[in-house]
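Participant: Heads up: the sequence shown is residues 1 to 126, going by the working numbering.
We put the beta carbon where it would ideally sit given N, CA and C, even for glycine.
The following block contains the structure, expressed as structure tokens.
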Amino acid sequence: MRHWKDGHRGNQVSKSILHVATDQLVGTKGNVSYFPAYELLMDDLRDYRFFADDMLHPNQLAISYIWDKFKACYFSAETISVAKEVENINNALNHRTLNPDSTSSKNFFGIHFKPIKKSFRTNILF
Numbered sequence: 001m002r003h004w005k006d007g008h009r010g011n012q013v014s015k016s017i018l019h020v021a022t023d024q025l026v027g028t029k030g031n032v033s034y035f036p037a038y039e040l041l042m043d044d045l046r047d048y049r050f051f052a053d054d055m056l057h058p059n060q061l062a063i064s065y066i067w068d069k070f071k072a073c074y075f076s077a078e079t080i081s082v083a084k085e086v087e088n089i090n091n092a093l094n095h096r097t098l099n100p101d102s103t104s105s106k107n108f109f110g111i112h113f114k115p116i117k118k119s120f121r122t123n124i125l126f
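Here it is, written out as structure tokens:
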């Protein structure tokens, strides 16, 4: 994201400082890595169709693209599977029914939420 509060040059200076600090951390710490989300946005997705109406923030398409790259970089196959389950749960939770008391609505929630309980009992260790 561009930060225009300090102007064009101030935006570049602040990004440069962050890049130098990040490079030093990555170079000196064994358990630190850098994911180039900003570079993906500015280079891979440089077209304005990937930005929100303010032309500063990424839109949902850009966020999804970068999230997919992040998952491919850092997630194991098992983590990807769990993330997909969580995404399905969120989609079901965000589902709006026209008539929540209808049989079809109850069936929908029964189909989607019973496996959630089973999955979390089986797969999530606390």
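1. Would DSSP call F35 helix, strand or coil?
2. According to the neighbour-count rule (16 or more other Cβ atoms, all chains shown, within 10 Å of its Cβ), is A62 buried or exposed?
3. Cα-Cα, which of N88, P100 and S102 is closest to K114?
4. Excluding sequence positions up to five away, which residues of its chain have a Cβ less than 8 Å from the Cβ of F70?
5. Any idea which residues DSSP pairs P58 with across the strands?
6. CB-CB under 7 Å to L45, same chain, minus the five flanking residues each way: which ones, in chain order?
7. With H, G and I counted as helix, E and B as strand and the rest as coil, what does DSSP make of W4?
8. State the Cα-Cα distance for the pair S76 and F51, rounded to the nearest angstrom.
9. Roughly how many angstroms lie between the CA atoms of F126 and V26, to the nearest whole one?
10. Just to confirm my understanding: we take I80, look at its own chain, exclude 5 residues before and 5 after, and list those with CB closer than 8 Å. What are they?
11. Output the boundary residues of the alpha helix (DSSP H) element that contains L98.
12. Please go through the same chain and pick out, in chain order, the residues whose beta-carbon is closer than 8 Å to the beta-carbon of L41, but skip the five residues on each side of it.
Facilitator: Let me lay it out:
1. In the structure shown, F35 sits in coil (DSSP, three-state: anything other than H, G, I, E or B).
2. With 16 or more Cβ atoms within 10 Å of its Cβ, A62 is classed as buried.
3. If we check each option's Cα against that of K114, N88 comes out closest.
4. Once the five neighbours on either side are set aside, the close Cβ partners of F70 are F35 and A37.
5. In the DSSP assignment, P58 forms a beta bridge with F51.
6. Excluding sequence positions up to five before and after L45, its CB lies within less than 7 Å of the CB of A62 and Y65, all in the same chain and listed in chain order.
7. In the three-state DSSP reduction, W4 falls in the helix class (H, G or I).
8. S76 and F51 have their alpha carbons spaced roughly 29 Å apart.
9. Note that F126 scores 48 on pLDDT, short of 50, meaning its location in the model is unreliable; the coordinates nonetheless yield the value given after this. Those two C-alpha atoms are separated by around 31 Å.
10. Within the same chain, I80 has close Cβ partners K71.
11. For L98, there is no enclosing alpha helix (DSSP H), as DSSP marks it with neither H nor E.
12. Only M1, F50, P58, A62 and I66 meet the Cβ criterion.
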